[in-house]
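**Student:**
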Amino acid sequence: MTNMISAEGRKRLQERYDFLWENERPRMVKNMADAAAEGDRSENAEYIYSKKRLREIDRELKHLGDRLKVLKVVYPPLNPTSVSFGCWVTYEDENGEERCYQLVGPDEFDVSQGRISIDSPVGKALVGRKVDDEITIKRPAGDLTVTILDISSSRAK
Numbered sequence: 042m043t044n045m046i047s048a049e050g051r052k053r054l055q056e057r058y059d060f061l062w063e064n065e066r067p068r069m070v071k072n073m074a075d076a077a078a079e080g081d082r083s084e085n086a087e088y089i090y091s092k093k094r095l096r097e098i099d100r101e102l103k104h105l106g107d108r109l110k111v112l113k114v115v116y117p118p119l120n121p122t123s124v125s126f127g128c129w130v131t132y133e134d135e136n137g138e139e140r141c142y143q144l145v146g147p148d149e150f151d152v153s154q155g156r157i158s159i160d161s162p163v164g165k166a167l168v169g170r171k172v173d174d175e176i177t178i179k180r181p182a183g184d185l186t187v188t189i190l191d192i193s194s195s196r197a198k
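Here the working numbering = 1-based position in the sequence shown + 41.
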C-alpha cells in the first residue's frame with residue numbers, strides 16, 4: 042500500500058482522528074458508564090451497544106493513528122508533463138466519454154469526488170503516461186482503452 046497522501050487528505054484523516062478521540066470516544070465511555078449504573082449489564086441494550094461501538098472507535102483510532110505515523114504528504118508537480126501522484130488526469134474512452142480523476146493515496150480515494158487511488162488498476166495504468174498516450178486499462182469489468190487528453194496539478198473547470 043502506498044504511504045503517500047495529499048495535504049488535504051492528511052488534514053481530513055487528522056480531523057477524523059481528532060473527532061473520534063475528542064467527541065465520539067468520551068461520549069461512548071459516558072453512555073457505557075451510565076448504562077452500567079442501571080444494573081444488570083447482560084440484558085442492557087444500551088450498555089451492549091456502547092461497549093461494541095467503543096471497540097469500533099478504538100479500532101478505527103488505532104488504524105488512523107498507525108496510518109498517520111507513516112503517511113508522507115506529497116504535492117502534485119506544478120506543471121506536470123506526465124501522470125504522477127496528485128495530478129488530475131482527463132481521458133477519453135473508446136465511446137467518446139471524458140472522465141477526470143485525481144490520483145491520490147489509498148487512504149483518501151473517493152470516486153464520487155473524482156479521486157482514485159494510485160494503487161488501483163486505473164491509477165497504475167495512468168502513472169507515467171503523457172498527453173495523447175493511448176493506454177489499455179485492465180479492469181475486472183473488462184479492458185478499457187483510453188486516450189489521455191490533459192494532465193494538470195488542479196482540477197479542470
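By construction, the Cβ of each residue, glycine as well, lies at the ideal position given by its N, Cα and C atoms.
Just to check my reading of the structure: residue 158 and residue 145 have Cβ atoms closer than 8 Å, yes? What is that Cβ distance to the nearest angstrom?
**Tutor:** Against the sequence shown, residue 158 aligns to sequence position 117. Against the sequence shown, residue 145 aligns to sequence position 104. Between residue 145 and residue 158 the Cβ distance is about 7 Å, and since that is below 8 Å, they are a contact.
**Student:** Got a sec? Which residues, its chain only, sit under 6 Å from residue 163 by beta carbon, not counting five neighbours each side?
**Tutor:** For this step, residue 163 is matched to residue 122 along the sequence shown. So the qualifying residues of the chain are 157 and 178.
**Student:** Compare the beta carbon distance of residue 84 and residue 72 with 8 Å and say whether it is the shorter of the two.
**Tutor:** Taking the first residue of the sequence shown as position 1, residue 84 is located at position 43. Taking the first residue of the sequence shown as position 1, residue 72 is located at position 31. No, the pair does not count as a contact, with Cβ atoms beyond the cut-off.
**Student:** Please name the residue in 96, 135 and 126 whose C-alpha comes closest to that of residue 45.
**Tutor:** Taking the sequence shown and counting its residues from 1, one reaches residue 45 at position 4. Comparing Cα-Cα distances from residue 45 to each of 96, 135 and 126, the minimum goes to 126.
**Student:** Just to confirm the assignment: which complete alpha helix (DSSP H) runs, minimum length 4, are found wholly within the region 104-173?
**Tutor:** 162-167, all fully within the region 104-173.
**Student:** By how many angstroms is the C-alpha of residue 56 removed from the C-alpha of residue 79?
**Tutor:** As a first step, residue 79 is located in the sequence shown; it is residue number 38 there, counting from the start. As a first step, residue 56 is located in the sequence shown; it is residue number 15 there, counting from the start. The straight-line gap from Cα to Cα measures roughly 34 Å.
**Student:** Return yes when the Cβ of residue 194 is within less than 8 Å of the Cβ of residue 119, no when it is not.
**Tutor:** Translated into positions along the sequence shown, residue 119 becomes position 78. Translated into positions along the sequence shown, residue 194 becomes position 153. Result yes, Cβ atoms of residue 119 and residue 194 sit closer than 8 Å.
**Student:** Strictly by DSSP, which residues pair up with residue 246?
**Tutor:** The shown model of the chain, from 42 to 198, leaves out residue 246, and the question about it has no answer.
**Student:** Rounded to the nearest angstrom, what separates residue 199 and residue 186 at their Cα positions?
**Tutor:** For residue 199 there is no data in the structure shown, the boundaries of the chain being 42 and 198.
**Student:** Tell me whether residue 42 sits in a helix, a strand or coil according to DSSP, three-state version.
**Tutor:** Here residue 42 refers to the residue found at position 1 of the sequence shown. Three-state DSSP puts residue 42 in coil, outside helix and strand.
**Student:** Leaving out five residues on either side along the sequence, give the residues of the same chain with a beta carbon under 7 Å from the beta carbon of residue 43.
**Tutor:** The residue labelled residue 43 in the question sits at position 2 within the sequence shown. Once the five neighbours on either side are set aside, the close Cβ partners of residue 43 are 146, 147, 159 and 160.
**Student:** Going by the CB atoms, is the gap between residue 188 and residue 133 shorter than 8 Å?
**Tutor:** Numbered from 1 along the sequence shown, position 92 holds the residue referred to as residue 133. Numbered from 1 along the sequence shown, position 147 holds the residue referred to as residue 188. In contact: residue 133 and residue 188 (Cβ atoms closer than 8 Å).
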